[in-house]
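As they're listed, the protein sequences go chains A and P.
Terminal number for the first sequence in the numbering used here: 445, no gaps in between.
Terminal number for the second sequence in the numbering used here: 445, no gaps in between.
For each residue, glycine too, the CB sits at the ideal point set by N, CA and C.
Down below is the structure, laid out as structure tokens.
Number of protein chains: 2
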Amino acid sequence: MKKLAREVAVIGIGQTKFGEHWDLSFRELGIQAGIKAILDAGIDSKRIDALFIGNMSAGQFLGQEHIASMIAEEVGLTSNQIPATRVEAADASGALAFRQGLLDIASGLHEVVVVGGAEKMSDVTSDIAAGFIAAGADQAWEALFGATLPALYAIMARRHMKEYGTTMEQLAAVSVKNHRHGKMNPFAQYQSEISLETVLKAPRVAEPLGLFDCAPISDGAAALVLCEMELAKEICPCPVRIAGTGQGSDALAITNRPSITEMRATKKASERAYERAGITPKEVDVAEVHDSFSIGEIMAIEDLGFFEKGDGGPATERNDTTFGGVIPVNTSGGLKARGHPLGATGIAQINEIVLQLRRKAEGRQVKDARVGLAHSVGGTGGTSVVHILEVV
Amino acid sequence: MKKLAREVAVIGIGQTKFGEHWDLSFRELGIQAGIKAILDAGIDSKRIDALFIGNMSAGQFLGQEHIASMIAEEVGLTSNQIPATRVEAADASGALAFRQGLLDIASGLHEVVVVGGAEKMSDVTSDIAAGFIAAGADQAWEALFGATLPALYAIMARRHMKEYGTTMEQLAAVSVKNHRHGKMNPFAQYQSEISLETVLKAPRVAEPLGLFDCAPISDGAAALVLCEMELAKEICPCPVRIAGTGQGSDALAITNRPSITEMRATKKASERAYERAGITPKEVDVAEVHDSFSIGEIMAIEDLGFFEKGDGGPATERNDTTFGGVIPVNTSGGLKARGHPLGATGIAQINEIVLQLRRKAEGRQVKDARVGLAHSVGGTGGTSVVHILEVV
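As structure tokens, then:
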């Protein structure tokens, strides 16, 4: 595998609190996150060469496309007409914006790039939002017939239970853990613990998935500043190296996949990222994975190679995925507790990994974290993106 | 200005006929264009490493986001889960997909990439389409108050007429020329000439712009195969070099710009592209520019440096922008006659330039064309993208 032409580092992070921001517009969320990241990087905004924004569906939610230029203007970056590009792959959009920023610098085109992700979901009612989110599944073969994202993940969960004996308690254990983690994250939408009983007794959204198996509807934005590595070492006290990138695609409709208890896109994306970083799953110290539904995290920790297929549920019950376990997963609270503003999620995950590798995660710090992984899924697995970051 | 780490060439082109395709779905349009480009490149599809798709708004038009993976699947490219990414900046989306494909290869990540653009607009009525298209302008400050794209371009046209004396006849001359060119393009939506009188007497859409000053609503798709230059020379008899890329952004709302008779985004994008290619506007032999409205072409040929500010209208009247003139512009028929399926347009423009540089444009061939330029605008100029291509 050929190396990228240049190495790239993360030198700044920022995000808004995730939640229901009735008082903030999409623009304002973008500004907050962008400015925080630029201030964190400690650079003059004149040094910024380009902007990439991940956003799933401002077109449906707000009737506004073309949002990258809009955010560039709001953050004050149009003075030099810098390039601003939106990238979209359902709720993997943020992760892909990050990847495009990486390639932009690696290609030699630019030195400093801001990548961000944002979504404003609470301006419509939740039933309407559910329809918009289903646009990340296959409209013609799934959504048109009433299949929502929870329904599709419920089918995957049922099959996982049948094939591997995964239990309702194991699914619930994912959400209980992520709420416990989220309690320590000041930017999380939910900063409160929930009990196993609460999760199990909650109303069902789509059997076997209940209310607490599903990530919430959220508003929020997150941003990162990327920089060519040599320059990063000069201007940043703690650059974090982007060691590996991997992306994979699969059929949008789950019926067109050979298996629905694994995500081929995730397996291939992680394979590519591990190879590029020159590491194995065992070397990952901390991971943020895509738990839009509890079954999603169980499948992810298997498909990423942290646990054997079928052992995702038991591993979660054994506390292997929390602090002191085999690999702490979703220390930020994950999509479930941190919140899931679709386009922002992939960037927020990398925010958390960078914080961990800087050893600045305070109460939720993973001891001696040197290698972190972020995993983002679009829809039910039509896209998967994996990035590996390392302490320099 | 630093060179890109690797050079990239176009080795395959393909597009559907543009028009109202009642009998073809978005998927089918994507397949047609993609397969044509792959066949034209003469490569085994197994060699394709990644896919980038430009699309403005399948979310609004079809309730379908996440379309890059969908197209990858339909074209049969998910067997190895290749990365598939959608890029969006209103009707500059195709041009930006092309740019991401270029950076992907230049960075060293991949060797062969397919870039495409597609839009299916005719499944809704034209008033609804007009609202969706207005999502490329500023929703909160323009579209919400009823401003459509024709209305905003009409304001720019009025100002251009006042400042530079541009006439209705000069605006009309753009459309007359582009229809004359389109007549020679078998993929054009309109392959018929129109008279100056027809244009001038047509019903007004937004004064001073009439029906024939506006590009139509279209369905269509276009695709290109990009390849690392050394490999391209081995496998392709006529690779076309991507010599320059430039992108610029500006405020979405025209009220937030210092001037509305020029596009700062275009000026900056072309400046960047010329510098990267090491050429001046005089060296360009053929250009495809963004004439979503007739005034758009007049501003473009000024902002790109082909003519002095204010001389765009007179130059068109002098036949400087047709065959045998100073620089033939929109030999394909442009957005006006070829059609304007938003996300596909930026790719179709490059299709035309490659055809010209291969000297395969038949009746509309520009003699001895060695350098071509493609210029794409998002909305009213919030984004502009310029690419320069050269015979190897």
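Runs of the alpha helix (DSSP H) lying entirely within the segment 218-246 of chain P, each at least 4 residues long, are 221-235 in chain order. Between A:LYS173 and A:LEU130, the C-beta gap is not smaller than 8 Å, which leaves the two residues out of contact.
In the three-state reduction of the DSSP assignment, A:LEU77 falls in the coil class. Comparing C-alpha distances from A:MET54 to each of A:GLY431, A:VAL167, A:ARG325 shows the shortest one belongs to A:ARG325. Contact check for A:ARG139 against A:ILE106 passes: the beta carbons are separated by less than 8 Å. In the structure shown, A:VAL177 falls within a coil segment according to DSSP collapsed to helix, strand and coil. Spanning the alpha carbons of P:ILE66 and A:GLN409 requires a straight line of approximately 46 Å.
Looking at the backbone, the Cα of P:ALA401 and that of P:SER345 are separated by about 14 Å. Ranked by how close their Cα comes to the Cα of P:VAL61, the residues P:ARG411, P:ILE351, P:ILE295 have P:ILE295 in first place. For the segment 144-222 of chain A, the full-length beta strand (DSSP E) segments reaching 3 residues or more read 165-173 along the chain.
The beta-bridge partner set that DSSP reports for P:LEU442 consists of P:ILE295, P:GLY425. Residues of the segment 291-304 of chain P with a Cβ closer than 9 Å to any Cβ of chain A, in chain order: THR298, GLY299, GLN300, GLY301, SER302, ASP303, ALA304. DSSP places P:PHE346 within a strand segment (E or B) once states are collapsed to three. Against chain P, the CB of A:PRO136 has a partner CB under 8 Å away; the residue lies at that interface. With respect to chain A, the C-beta atom of P:ASP157 has a partner C-beta closer than 8 Å. Remark: fewer than three beta-carbon pairs, one from each stretch, lie closer than 8 Å, so the segment 97-105 of chain A and the segment 93-106 of chain P are not flagged as touching. Listed along chain P, the residues sitting closer than 9 Å to A:ARG59 by beta-carbon distance are ALA58, SER160, GLY161.
According to the DSSP assignment, A:ILE106 belongs to the beta strand (DSSP E) that extends over 103-107. Contacts with chain A at 8 Å (Cβ-Cβ) do not include P:SER271. At a Cβ-Cβ threshold of 8 Å, P:CYS291 and P:ARG371 do not count as neighbours.
By the neighbour-count criterion, in which a residue is buried when 16 or more other Cβ atoms sit within 10 angstroms of its Cβ, A:ILE181 is exposed. Here P:ALA275 is not near P:ASN383, since their CB atoms are 8 Å or more apart. Residue pairing for A:VAL430: DSSP places it in a beta bridge opposite A:SER437.
Assigned with DSSP and collapsed to three states, P:ARG139 falls in strand. If you ignore the 5 residues before and after P:GLU195, its C-beta comes within less than 7 Å of the C-beta of LEU205, ALA306, all in its own chain and listed in chain order.
When the beta-carbon positions are compared, P:ALA322 and P:VAL424 stay at least 8 Å from each other.
Think of a sphere of 8 Å around the beta carbon of A:MET123: the chain P residues whose beta carbon falls inside it are ASP191, LEU305, GLY435, in chain order. Note on P:LYS320: 16 or more other CB atoms within 10 angstroms of its CB, so buried under the neighbour-count rule. Within the segment 143-157 of chain P, contact with chain A at the beta-carbon level (separation under 7 Å) is assigned to ALA143, LEU149, GLN153, LEU156, ASP157.
In the three-state reduction of the DSSP assignment, P:GLU118 falls in the coil class, being assigned neither a helical nor a strand state.
Of the candidates P:ILE351, P:ILE332, P:ILE186, P:GLY366, P:ILE186 places its Cα closest to the Cα of P:ILE270. DSSP places A:ASP364 outside both helix and strand once states are collapsed to three, so it counts as coil.
Boundaries cannot be given for A:ARG411, as no alpha helix (DSSP H) includes it and DSSP labels it neither H nor E. Residue nearest to P:HIS440 within the set P:ARG152, P:ILE380, P:ALA225, P:VAL167 is P:ARG152 (criterion: CA-CA distance). With the rule of 3 Cβ pairs closer than 8 Å, the segment 251-260 of chain A counts as touching the segment 215-228 of chain A. With a beta-carbon spacing of about 27 Å, P:LEU262 and P:PRO334 fall beyond the 8 Å limit used to define contacts.
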